[in-house]
């Protein structure tokens, strides 16, 4: 297995009380998969993502990528955050070049790679703009370009579209889906949006809180490009509602 | 249009001020040597320009000011970045800084004269002390307030020290550091005059003492006005420079 999470446990101490964020979570992910970690807040989905990305460690259990224990973040596995994390004093182009600078890519090559990825996210016209001049959706596109520019193996996304309006969010979902398939990346995507998860994932890991654990893993057997109103699509959504106990039983009326 | 309007208000404000000054001069019966009229001061200023003393002393003052202020800014930003980064170290340094900060730089004057003698150095040291603490503390707090996400991103892309300090910490903290540098300019300029009143044989502060000794109230007031104008100019230039850099960096 490519990514292997075995019996991961994460406990915090809050005001002297023990709090279990992850309770015995095990999960295997294959190369090239698009995985969504889905659940309400407090279910440990972000904690799990942070642990796989190397920003945090688990209290117990193990997380390995290609057989190697995850200890710290690596530029082979890039994370995209909800609040973008762009450097405001750098232009779009310079932001995308950031990771390439650290990789010591020569200047000309850096410019070329940045250009390609800025074009990919449709921001060629804004290459010399600063992040402050862009809308939220455009800023997140820059972050996406910056992440893919270093040619990572895995891209982690922590509720990346949580701060965007619904229409921008849908557009960006399409973009991410296309880029991830074109570039053949493994994506681990955290969200609390059920439709987003169904639209994007190969597999959905449904998690529940108190303590945070995996409730069920759903294989989404739909074609790559999905229609949100299609009955198969709705059926998968329905299933998740059911798993999360969010379905209302219809009131049955008896007439005698 | 906006610029013209602001020039208009400035001119009116000065005319009213000078008129009031003249009115007090006419209605009160102070001796001219104690309370000079606007015309007296203007004549003194013309005299100072003619004999070149105003330029000579301004150059002497600016040299000391530049030396003290710029060296204080460089050293305090550098130390501030380090102390802001190593928060544990700052915990031990902070009590001493807080103890030294409220002491007027002038209190050190006897020591400064004993250690460095007279001449340019005392004024330079006084200016240095006046500028050092505000810039140091604003830099430390700016570094401490940097959003964690910048460090997460840097770590993720494998940016290492010292690049994190120059490529991430300094530009992120810059707006707040610039604010500290700006505030320090005012206090440093205030203490330039104080510093030159004690240890120097030239400069605008010296000119104040000199005109007092010669009972030249008109020269004294003319010098005070020159000090005010230069202070205002310095502030304006720095404000413009600050805005320009922030704009260049896309922060505003």
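Residue numbers (this note's numbering), protein chains in the order written: chain A, 69 to 324; chain B, 391 to 642. Every residue, glycine too, gets a C-beta built ideally from N, C-alpha and C.
- Pairing residue 462 of chain B with residue 522 of chain B gives a Cβ-Cβ distance under 8 Å.
- For residue 221 of chain A, the secondary structure class from DSSP, reduced to helix, strand or coil, is coil.
- With its beta carbon less than 8 Å from one in chain B, residue 147 of chain A belongs to the interface.
- In the three-state reduction of the DSSP assignment, residue 575 of chain B falls in the helix class, which pools H, G and I.
- 539, 540, 542, 543: these are the residues of the region 515 to 544 of chain B whose beta carbon lies less than 7 Å from some beta carbon of chain A, given in chain order.
- The contact set of residue 549 of chain B on chain A, defined by CB atoms closer than 7 Å, consists of 170 in chain order.
- Under the Cβ distance rule, residue 200 of chain A counts among the residues neighbouring chain B, one pair being separated by less than 8 Å.
- No Cβ of chain B is located within less than 8 Å of the beta carbon of residue 229 of chain A.
- Judged by pairs of C-beta atoms under 8 Å, the region 80 to 87 of chain A does not touch the region 221 to 230 of chain A, as fewer than three such pairs exist.
- With a threshold of 16 other beta carbon atoms within 10 Å, residue 430 of chain B meets it and is buried.
- Closest by C-alpha distance to residue 460 of chain B, out of B:421, B:426, B:514, is B:514.
- For residue 196 of chain A, the closest alpha carbon among the candidates A:159, A:177, A:207 is that of A:159.
- Proximity of chain B to residue 204 of chain A at the Cβ level (cut-off 7 Å) is not reached, the minimal Cβ distance being about 15 Å.
- Between residue 271 of chain A and residue 288 of chain A, the C-beta gap is smaller than 8 Å, which places the two residues in contact.
- Around residue 432 of chain B, no beta-carbon contact reaches into chain A at under 8 Å, the shortest distance being about 47 Å.
- Between residue 561 of chain B and chain A, the shortest Cβ-Cβ separation is below 8 Å.
- Comparing alpha carbon positions, the residue from B:604, B:538, B:407 closest to residue 151 of chain A is B:538.
- DSSP places residue 80 of chain A inside the beta strand (DSSP E), whose first and last residues are 71 to 82.
- The three-state secondary structure of residue 178 of chain A, taken from DSSP, is helix.
- Around residue 474 of chain B, no beta-carbon contact reaches into chain A at under 9 Å, the shortest distance being about 18 Å.
- Remark: three or more beta-carbon pairs, one from each stretch, lie closer than 8 Å, so the region 202 to 210 of chain A and the region 234 to 242 of chain A are flagged as touching.
- Sixteen is the threshold: since fewer than 16 other Cβ atoms of the shown chains lie within 10 Å of the Cβ of residue 293 of chain A, the residue is exposed.
- The Cβ atoms of residue 499 of chain B and residue 588 of chain B lie closer than 8 Å to each other.
- Within 9 Å of the CB of residue 151 of chain A, the CB atoms of chain B belong to 537, 539, in sequence order along the chain.
- Leaving aside the five residues that flank residue 249 of chain A on each side, the residues in its chain whose CB is nearer than 7 Å to its CB run, in chain order, 292.
- Distance between residue 458 of chain B and residue 585 of chain B, taken at the CA atoms: about 11 Å.
- Residue 99 of chain A sits in coil when the DSSP states are folded into three classes, being neither helix nor strand.
- Counting along the chain, residue 461 of chain B sits inside no beta strand (DSSP E); it lies in the alpha helix (DSSP H) bounded by residues 443 to 475.
- Take the alpha-carbon of residue 169 of chain A and the one of residue 147 of chain A: they are about 17 Å apart.
- Using a CB distance cut-off of 8 Å, residue 639 of chain B counts as an interface residue toward chain A.
- According to DSSP, residue pairing for residue 274 of chain A in a beta bridge involves A:106, A:284.
- Taken through DSSP and simplified to helix, strand or coil, residue 183 of chain A comes out as helix.
- Residue 531 of chain B carries a helical assignment under DSSP once its states are collapsed to helix, strand and coil.
- Residues of chain B whose Cβ lies closer than 7 Å to the Cβ of residue 117 of chain A do not exist; the shortest such Cβ separation is about 12 Å.
- The contact set of residue 209 of chain A on chain B, defined by CB atoms closer than 7 Å, is empty, because the minimum CB distance reaches about 16 Å.
- Chain-ordered, the chain A residues with CB closer than 7 Å to the CB of residue 546 of chain B read 141, 143, 146, 147.
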